[in-house]
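This note's numbering numbers the first residue of the sequence shown as 120 and each following residue consecutively.
Beta carbons are placed, not taken as given, at the ideal position from N, Cα and C, and that holds for glycine.
For clarity, every value in this text was computed on a predicted model and none was experimentally measured.
Okay, so here's the structure we're looking at.
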Amino acid sequence: MELLKLISLISATLTLVYGFLVFSFIRGWHKLIYFIPKKSLPKTKVSIIVAARDEELNISKTIDDLIAQNYPDNLTEIIIIDDHSTDKTAEIVLSYADKNVKLIKLNEDRALNSYKKKAIQTAIGTCSGDLIITTDADCRMGENWLATIVELYEEKDYKMISSPVAYFQEKNLFERLQSLEFLYLIGLGASTIGNKSPSTCNGANLAYEKNTFYEVGGFQGIDDLASGDDELLLHKIAAKYPDKIGFLKNREAIVYTHAKENLSSFIQQRKRWASKSTRYKNKAIIV
């Protein structure tokens, strides 16, 4: 009987704690104001950085979307970092050379814990933009994606802006379940920003100032982990500028990507994500 009482007490306590956390996250989400662009003339030079490895099946669609943005060509720089691809990724990127798309090949012989961080850092070192925007080589976005991000940046003067990512074209129940869970994760990250305690974001749709990147030391101190080019950088910037992190709540800012096709690739993805959780200061996110 005593054991049952103890179990009931523990269950009730955990339920209350979880309920409080959920309430806190919902409150954070509602603190975020839906952003309505004024369609003002932009002034910011932007460098869009895409790290790609063996993406010959996807990269052309992503580049086509980036080229089609409703944003001045003279304020746009598109950089694709070929991270040791063994397929035709680099060849495809080179075919866009006359359309303001630059290719950088990452030639790193020594073993690294995170080739993606090295790729992004290399691109930032050569880019000319004041605002860095990262996305992935298998992502799709609408034509007003870039302009919407920049307008929020210019209006609010944020140091970093996290924007929504969603799965699309789901083919089966497994992918639809991933889509639902992924929406929860994106909403969770947004709510922590709304609560002024930024914890998570997604590098497939992330913007930050180049000067701020260098000001916080870039990826120094977090380059020992395979992932974390997004969230751990968020933590570094938030530590210095806690009130200068924003989430862009607007449909036109959504970047779309695909869910994992099978359980094995899904597990590998989550292992990479879990590797950075040891550095989270807000442990409530793990719950």
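- Between E196 and G248, the C-beta spacing is below 7 Å.
- Taking the Cα positions, L135 is about 12 Å away from S127.
- The shortest C-alpha to C-alpha distance from M260 to any of A238, K329, S179, K275 is the one to S179.
- Apart from the 5 residues on each side of it in sequence, L222 sits with its Cβ closer than 7 Å to the Cβ of I199, D201, A209, V212, L213 in its chain, given in chain order.
- Restricting attention to V169, K379, E270, I356, the CA atom closest to the CA of N369 is found in E270.
- Contact holds between the segment 308-322 and the segment 351-368, because three or more Cβ pairs, one in each stretch, are under 8 Å apart.
- Between the segment 164-172 and the segment 251-260 there are three or more inter-stretch CB-CB distances shorter than 8 Å, so the stretches are counted as touching.
- For K278 and T267, the gap between their C-alpha atoms comes out near 16 Å.
- Sequence-distant partners of Y327 (beyond 5 residues in either direction) whose C-beta falls short of 6 Å from its own C-beta, in its chain, are I251, M279.
- Take H149, set aside five residues on each side of it, and the residues of its chain with a beta-carbon closer than 8 Å to its own are G313, in chain order.
- Looking at the DSSP output, D255 shares a beta bridge with A170.
- In this structure, K164 places its C-beta atom within 7 Å of the C-beta atom of L194.
- A distance below 7 Å between beta-carbons, with the five flanking residues on each side excluded, links D192 to the following residues of its chain, in chain order: N219.
- The alpha carbon of T181 has as its nearest neighbour, out of L302, I145, Y215, the alpha carbon of Y215.
- Following the DSSP letters along the chain, one finds V335 in no alpha helix (DSSP H), marked with neither H nor E.
- Counting C-beta atoms within 10 angstroms of its own C-beta, V284 has 16 or more neighbours from the protein chains shown and is therefore classed as buried.
- E121 sits in a helix when the DSSP states are folded into three classes.
- Around the beta carbon of T245, a 10 Å sphere encloses fewer than 16 other beta carbons of the protein chains shown; the residue is thus reported as exposed.
- Counting only the Cα atoms, L292 lies some 11 Å from E380.
- S282 places its beta carbon 7 Å or farther from that of A378.
- Taking every protein chain shown into account, the CB of S166 has 16 or more other CB atoms within 10 angstroms, so this residue is buried.
- Residues P283, A285 of the same chain have their beta carbon placed closer than 6 Å to that of I373, with the five preceding and five following residues left out of the count.
- For G322, the CB contacts under 7 Å within the same chain, skipping 5 residues up- and downstream, are T253, D348, D349 in chain order.
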